[in-house]
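Structure, as structure tokens:
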Amino acid sequence: MAQNASNACAESTLAGGPVLSPRLFEKFSRFVTTQLGIKMPASKRTMLQSRLQKRLRQLRLRTFEEYYDFVFSEEGRRQELSHLLDTATTNKTDFYREPRHYEVLTQTVLPDLIRHTGAGLRRPLKVWSAGCSTGAEPYTLAMELSEMATRIDGFKFQILATDICTRVLGVAYNAVYEEREAHPVPMVCKKKYLLRSKDRNRPRIRIAPDLRRLVEFRQLNLMDPDYGMPAALDIIFCRNVIIYFDRPTQFGVLSRLCRCLKPGGFLFMGHSETLNGFDLPLRAVASTVYRKLG
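Using our numbering, the first residue of the sequence shown is number 732, and each one after it goes up by one.
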């Protein structure tokens, strides 16, 4: 028994640093999948180990066994659980990512909604950026809709942006980015909506205050049975999010997203995602752009 314990300890500290054993990874993996719906196969063990090692250093813990015991203690659930879930999420995003979607939005979707439902004129257009990461997507939407407002008198809109990860929501709310990240933003929008840092040793930009005020950020877990939306939405962007879920979880999330859409509302998904095989009240109107029936 003592020999087994010694071996376990040795496994946890190989190469001068803690190692996440397959057994313990499986425990973390099951928890993350239950909480977030994210698939965590064995191939993700090295990634999770690398990310969690930073938490061990900050908490001054020696092994992942100590971390596991702490994170599921009463104190750990209050203080550390959100950090554990943050480490499991992937937060890739860009301004004007998948630019064809913004062409479909401004040239097809918005004119249709304005003409047939009065969205934006008789009432504010309601848009949700689900899985917004560090904010590039909702701020891109804010720029495009603000430009629409310069062409259509009285055009109004509301943007809600959500993510499960508190860390990226903090970045999104502060709205400060490396200048190179703004490269895809059209020059006319750069001049109107981006502020450049005076420190040219570290060139950064910040979203202008007037544009920041157009986006409401909120933490939300897409695994929740009820998203608590106050009113049906006209447009949902949920791109490159469900790709990390298994098929049953994808169907559950998509079904809940559909319930948040008004009949005739639009859902934008990532180009690597598909609705094939799902019985949902949606029909394709463009590549990975769907309209709710009714």
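Backbone N, C-alpha and C define an ideal beta-carbon position, used for all residues, glycine too.
query, result
"According to DSSP, is V972 part of a helix, a strand, or is it coil?", "coil"
"Assess contact between the region 952-963 and the region 914-933, defined as three or more Cβ pairs (one per stretch) separated by less than 8 Å. Is contact present?", "no"
"What did DSSP end up calling G807 once you bin it into helix, strand or coil?", "helix"
"Would a C-beta distance cut-off of 7 Å place G851 and F886 closer than the cut-off?", "yes"
"Taking 7 Å as the limit between beta carbons, can you name the residues of its chain near A873, skipping five residues before and five after?", "I890, L942, L945 and V946"
"Using a 10 Å radius around the Cβ and a threshold of 16 neighbouring Cβ atoms, would you call L1024 buried or exposed?", "exposed"
"So, for T764: in the same chain, excluding its five sequence neighbours on each side, which residues have a beta-carbon less than 7 Å away from its beta-carbon?", "K770 and M771"
"How many Å lie between C989 and M954 at the Cα?", "14 Å"
"So, for S813: in the same chain, excluding its five sequence neighbours on each side, which residues have a beta-carbon less than 8 Å away from its beta-carbon?", "T897"
"Which class does K770 belong to by DSSP, given the choice of helix, strand or coil?", "coil"
"Look at the alpha carbon of E806 and the alpha carbon of V858, and state the distance between them as a whole number of angstroms.", "37 Å"
"Could you pull out every residue in the same chain whose Cβ sits closer than 7 Å to the Cβ of R935, ignoring the five residues on either side in sequence?", "V907, Y908, E909, E910 and S928"
"Opposite I967 in the DSSP bridges: which residues?", "W859 and L998"
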